[in-house]
Every structure is written in structure tokens, then in C-alpha cells.
Amino acid sequence: KKKIAIMTSGGDSPGMNAVVRACVRMSLYLGCQPFAVYEGYEGLVQGGDFIKKMEWHDVRGWLSEGGTLIGTARCMAFYERPGRLTAAKNMILNGIDALIICGGDGSLTGADKFRAEWPSLVEELVATGQLTAEQVKPYTHLNIVGLVGSIDNDLSGTDATIGCYSALARICEMVDYIEATASSHSRAFVIEVMGRHCGWLALMAGVATGADFIFIPEKPREDNWKDEMTSVIEKHRKLGKRKTIVIVAEGAQDRHGAKITPNMLKDLLADKNGLALDTRITTLGHVQRGGTAVAYDRMLGTLQGVEAVKAVLEATPDTETCVIAITENQIVRKPLMKAVQDTKEVAKAIDAQEFDRAMDLRDTE
Ligand code: ATP
Numbered sequence: 029k030k031k032i033a034i035m036t037s038g039g040d041s042p043g044m045n046a047v048v049r050a051c052v053r054m055s056l057y058l059g060c061q062p063f064a065v066y067e068g069y070e071g072l073v074q075g076g077d078f079i080k081k082m083e084w085h086d087v088r089g090w091l092s093e094g095g096t097l098i099g100t101a102r103c104m105a106f107y108e109r110p111g112r113l114t115a116a117k118n119m120i121l122n123g124i125d126a127l128i129i130c131g132g133d134g135s136l137t138g139a140d141k142f143r144a145e146w147p148s149l150v151e152e153l154v155a156t157g158q159l160t161a162e163q164v165k166p167y168t169h170l171n172i173v174g175l176v177g178s179i180d181n182d183l184s185g186t187d188a189t190i191g192c193y194s195a196l197a198r199i200c201e202m203v204d205y206i207e208a209t210a211s212s213h214s215r216a217f218v219i220e221v222m223g224r225h226c227g228w229l230a231l232m233a234g235v236a237t238g239a240d241f242i243f244i245p246e247k248p249r250e251d252n253w254k255d256e257m258t259s260v261i262e263k264h265r266k267l268g269k270r271k272t273i274v275i276v277a278e279g280a281q282d283r284h285g286a287k288i289t290p291n292m293l294k295d296l297l298a299d300k301n302g303l304a305l306d307t308r309i310t311t312l313g314h315v316q317r318g319g320t321a322v323a324y325d326r327m328l329g330t331l332q333g334v335e336a337v338k339a340v341l342e343a344t345p346d347t348e349t350c351v352i353a354i355t356e357n358q359i360v361r362k363p364l365m366k367a368v369q370d371t372k373e374v375a376k377a378i379d380a381q382e383f384d385r386a387m388d389l390r391d392t393e
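Residue 279 in the UniProt record's numbering sits at position 251 of the sequence shown, and the numbers go up by one each step.
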């Protein structure tokens, strides 16, 4: 029986449980034995109870649960070869040579490295007497498939990462709540949302809530940004708007790379010699990550989980490691490292013109 391990790694995201459920059940359906690796790479390195056989009923009810029920962690040991050597040993001891990982680009990079190193890790396990040649014989290659679990929608090559629509829905809901009280008191709110490198959440939340102004890492602000923001908001206020919403991504910056912080924005909005607005800051923090997955993320996690099991079974030593993506509504396989590389080189393409057009739909007359 082919043994397939499933793991969640890096930051958690809503929809990861749908992935694990789909992978477990699809593996069983295809006659394989699934395993869950608890606590991300930490579980692979620790072995023992961290690697658990899964049955059909083990994942019952998981679709409607938020976070990841098999845990996730950052694992320093896995960055180093000795950590990966132990991980390889634990896998072989459990008879596993197929691994499905749901995580961010860091987790997927680690996975690709692990796969490339696998033959030499196996050799070292034999050379150092940790395993016998007989024990390692069936495990000459490791097959890996990646799934992108991230609330940031920060991987190039896929339209949506698992979790991003849940986080976006939550942000919009929170902004709606804030708007009611902002209007009542005629206040301004600076709302900080997640996104250190990728501003998708802030941008789409801005579009979806009709925010007055937004700041994202991909659009570093020109030197005159303070005047620009002040004049837009002044205009909105003159048109009778009783609330002001500014959404700022964690990684917002100006064109010199200097961070634009919620406090800077608050000071500007509250400036007695300027807009003089009663201004509050709301940092949404982990409510964006937590909670249950929206229908889209459950669907994406399930369909991609099914595809991941098929892909890991079809993988050969000669095929490139793949990541499961969604493009134009199709679930597809893409070369994993190209997606990671593209993500680093071109921050997920946000068309500047589209950005301006979307924001121009605010109250302008
Ligand atoms: P997020 O997008 O939420 O940050 P991520 O998967 O990018 O998710 P990381 O913290 O970068 O999160 O990676 C998770 C774990 O994957 C790390 O703690 C480490 O164990 C492993 N890992 C990441 N990068 C590498 C690498 N280059 N080599 C080996 N292991 C890695």
C-alpha cells in the first residue's frame, strides 16, 4: 500500500482542514494509506507520535473548522541538513516516500530542497549506520506536491491561495462594523491589515468597502503622499461623508522604502492645522487569520487536495515538483520552483492602472 503523508506548514490559513480532509479521503479512495504529519516540519523531525495514520472518520467534520487541526509550526531544524536527515529517517521508518505540503512559499522551498537532497540523505543514513541498505531500498526517491495555504494571496501563478478569500471576507465584515460607529461620531479610522510583502488583502478590501485611501507595498507612495491623501479626504468630507476609512497593509511604504505606519496616518488625519479629524487606529490582527473558511476556500482546498493526491501518485523522479494552482477557474499543476521564483521577482502583479481606476470609484462627486 502506497503511503502518503500530509502536512500543513508556515502560517495557518482557513481552508487547510479542507485540504487535509480531501487528501486523506482521496488517498483512501485510491487504495493508499494516508498519514498526517503534526506541527509542520517539526513533526517530521520529531517523528514518533507526530506522524499519525489517518482513517476516513479521522477527518469527519473538518470542513467547517478554522485554522489547521494537525497544527503548524516554524521549524529551525529543517533549515539545516541534519534536521532534514532526521526527517528522512522518520519518513522511511514509517514507509513514506510521498509528501503533500500545504503552506507558504518558505514551506514549499523547503520541500523542494528536501526532495532534491533525498537520495544523498538516504545514502548518508546508510553510511552512518542509522538505517540498513535493505531498509532504504524501496525509498530511492521522494515525491512531493505543494498546495498554497496563505491568507495573503501571495504566490505567483495561482489566482487565489487557500485562505485568502476567508481573510478578505473577515476584513470586509470588520470594516463594515467600524463604519457604523465611524459615521455616528463622524470619525476617521486607520485600519491596519496583514500583508508584509503583498497588498492583495488591503487592495481588495479597499475596493470591496469603498475605503477613502489605501496603502500597499506594491505601490510605494510618492513624496507628496500626505498632500494627496489629505486632499482626497478633504474632498470626501466636503461632499458630506461622515466617515473616513484608510486601509494600510503592514508592509506599506514610500518610494524610498520608508515604512508608512498607522500612527503616521493618524497624526496626519488628526492634525489640528489640517483635517483635524477625530481619528482612531484599529489593527485587525489575527481575526483575519482565524475563524472558519468561506465556501470558496473549502471548495478550493477540497478540489486542490484531490488533485494533489493524483499528482503525487503520478510523479516520477524525472518530473519537476509541482504546486497545485487555480487559473481561470481550472485546477492545474504548475512547476513549484518557478512559481516561488516568480513570486520573488515580480511581486504579484497588481496593475497600477487598475488600482487607480478601482479607487476612483470612491465618492468623487
Ligand atoms: P507564510 O507565508 O505563512 O510565512 P511559509 O511557508 O512561507 O508561510 P516559513 O516560515 O517561511 O513560512 O516556512 C515554514 C517552515 O518551512 C520553516 O519554519 C522551515 O522549517 C521550512 N523552510 C522554509 N524555508 C526553508 C528552506 N529554504 N529550506 C528548508 N526549510 C525551509
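All C-beta atoms in this analysis are idealised placements derived from N, C-alpha and C, irrespective of residue type, glycine included.
Item                                                                                                          : Value
First and last residue of the uninterrupted alpha helix (DSSP H) at Thr114                                    : Arg109 to Leu121
Nearest neighbour of Tyr193, chosen from Ile359, Ala323, Lys31 and Cys51 [CA to CA]                           : Ala323
Cβ neighbours of Leu56 in the same chain (closer than 7 Å, five flanking residues each side left out)         : Pro62 and Trp84
DSSP three-state assignment for Lys29, whether helix, strand or coil                                          : coil
Residue interval of the beta strand (DSSP E) (run including Glu335)                                           : Where Glu335 is concerned, there is no enclosing beta strand (DSSP E), although the alpha helix (DSSP H) it sits in stretches over Ala323 to Glu342.
Outcome for Glu256 when other beta-carbon atoms lying within 10 angstroms are tallied against a minimum of 16 : exposed
The region 202 to 215 contacting the region 169 to 178, beta-carbon criterion three pairs below 8 Å           : no
Residue closest to Thr310, alpha-carbon to alpha-carbon, out of Ala155, Thr96, Leu153 and Ile206              : Ile206
Integer-rounded CB distance, given that Gly68 should sit under 8 Å from Cys103                                : 6 Å
Rounded C-alpha distance that separates Ile359 from Glu335                                                    : 8 Å
Thr189 beta carbon less than 8 Å from that of Leu183                                                          : yes
The region 281 to 288 touching the region 263 to 270, judged by at least three CB pairs closer than 8 Å       : no
Own chain residues within Cβ distance below 8 Å of Ile179, not counting five before or after                  : Gly39, Ser41, Pro42, Thr189, Gly191, Cys192, Ser194, Ala195, Met222, Leu229, Gln316 and Arg317
Outcome for Ala46 when other beta-carbon atoms lying within 10 angstroms are tallied against a minimum of 16  : buried
The region 338 to 349 touching the region 299 to 308, judged by at least three CB pairs closer than 8 Å       : no
8 Å Cβ cutoff met for Ile32 and Val65                                                                         : no
Among Val218, Val337 and His284, the one whose alpha carbon lies nearest that of Lys247                       : His284
Beta-carbon proximity of Thr349 to Gly132, cut-off 8 Å                                                        : no
C-alpha gap between residue 396 and Ile261, whole angstroms                                                   : The structure shown has nothing for residue 396, since the chain only spans 29 to 393.
Gln74 vs Ile120 beta-carbon contact at 8 Å                                                                    : no
Assigned secondary structure, Ile262 (DSSP; H/G/I helix, E/B strand, else coil)                               : In the sequence on display, residue 262 carries Glu and not Ile. Of the three classes helix, strand and coil, the one that applies to Glu262 here is helix, per DSSP.
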